[in-house]
DNA sequence: ATGGCCGCCCTAGGCGGA
């Protein structure tokens with residue numbers, strides 16, 4: 293039986309952590325890895341090291357210093373697309389087709405500190421981005437017609453069990469009602485399936501990010517949030533046979549503050 | 001919320017992250 297294994301990881305600088313990327317690939321052997329926060333200008337992606345280990349295909353959308361997304365693959369990538377959300381010219385989306393499945397790597401804006409779009413332009417940008425995401429997906433006919441995976445750092449923890457303390461985080465950006473309602477509406481209207489939460493149903497806590505500010509003590513308090521997601525089109529979601537949440541990378545030396553997620557699908 | 005950090009950039013204080 294042919295399968296497609298897809299991983300997503302906010303790597304927080306791909307050049308700094310390329311050896312961690314390779315270690316992850318060698319251990320978990322995904323066909324495809326979607327990365328966010330590559331912080332790598334176009335053309336400077338460390339592809340040679342990846343190719344030497346068996347992942348020679350790259351779709352990148354990078355910029356200097358901040359943001360940046362990419363898809364790396366064992367298998368050829370076709371029809372690469374880059375969407376410019378909100379007309380900002382920043383690198384937050386790339387997609388490509390692999391083994392007949394379109395895969396999107398997406399990085400939603402963080403939104404700054406203050407959850408008030410009137411006084412915080414970063415939060416206003418985040419809400420605009422989510423609204424554009426809703427309209428884009430609602431109009432995407434291929435969700436119902438073709439297999440598709442949308443994954444990445446959505447910077448929203450939608451459900452109560454997606455944060456370590458729901459009540460304490462209600463006024464904290466990533467878990468405010470305006471954000472969580474927006475993400476739930478996007479999911480519902482798109483028809484996509486949150487395969488990670490389906491595999492680990494509520495009320496089980498499930499996190500993919502822990503702040504650097506907790507120091508090395510991130511596990512004992514476990515004050516995390518589920519900011520990273522894998523959504524699949526319905527027919528493909530029905531073929532999702534495994535989901536893994538890879539917490540061990542958070543304990544590696546100089547880790548990303550996000551951990552990888554993996555989903556495996558049986559292909560027709 | 002997060003007390004406490006981290007990575008980037010015209011190398012050093014400011015920006016962005018969340």
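Numbering (the working numbering), first residue to last: 293 to 560.
C-beta: ideal position from N, C-alpha, C; glycine also.
None of the values given here were measured: they were computed from a predicted structure.
Could you tell me whether any non-hydrogen atom of the ligand COA is closer than 8 Å to the CB of residue 546?
Although the ligand COA was asked about, the structure shown includes no ligands whatsoever.
Return the bridge partner residues of residue 361 from the DSSP annotation.
The partner list for residue 361 (beta bridge, DSSP) reads 328, 353.
Check this for me: beta carbons of residue 497 and residue 516, under 9 Å apart or not?
Taking 9 Å as the cut-off, the beta carbon of residue 497 is found closer than this to the beta carbon of residue 516.
Hey, out of 344, 468, 300, whose CA is closest to residue 407's CA?
Considering only alpha carbons, the answer is 468.
Using C-beta distances below 6 Å, list every residue in its chain close to residue 422, excluding the 5 sequence neighbours before and after it, in chain order.
Same-chain partners within the cutoff: 474.
Give me the residue from 390, 447, 443 with the minimum Cα distance to residue 418.
Nearest C-alpha to residue 418 among 390, 447, 443: 447.
Across which residues does DSSP place residue 499 in a beta bridge pair?
For residue 499, which the question treats as bridged, DSSP gives no partner whatsoever.
Tell me the DSSP bridge mates of residue 379?
None, per the DSSP bridge assignment.
Indicate the three-state DSSP secondary structure (helix, strand or coil) for residue 400 in the structure shown.
Residue state, collapsed to three classes: coil.
CA nearest to the CA of residue 355, picked from 331, 373, 376:
Of 331, 373, 376, the smallest CA-CA separation from residue 355 is found for 331.
Just to confirm before moving on: does the CB-CB distance between residue 304 and residue 550 stay below 9 Å?
Yes, these two residues count as a Cβ contact at 9 Å.
With the cut-off set at 9 Å, would you say residue 293 and residue 558 are in Cβ contact?
In this structure, the beta-carbon distance from residue 293 to residue 558 falls below 9 Å.
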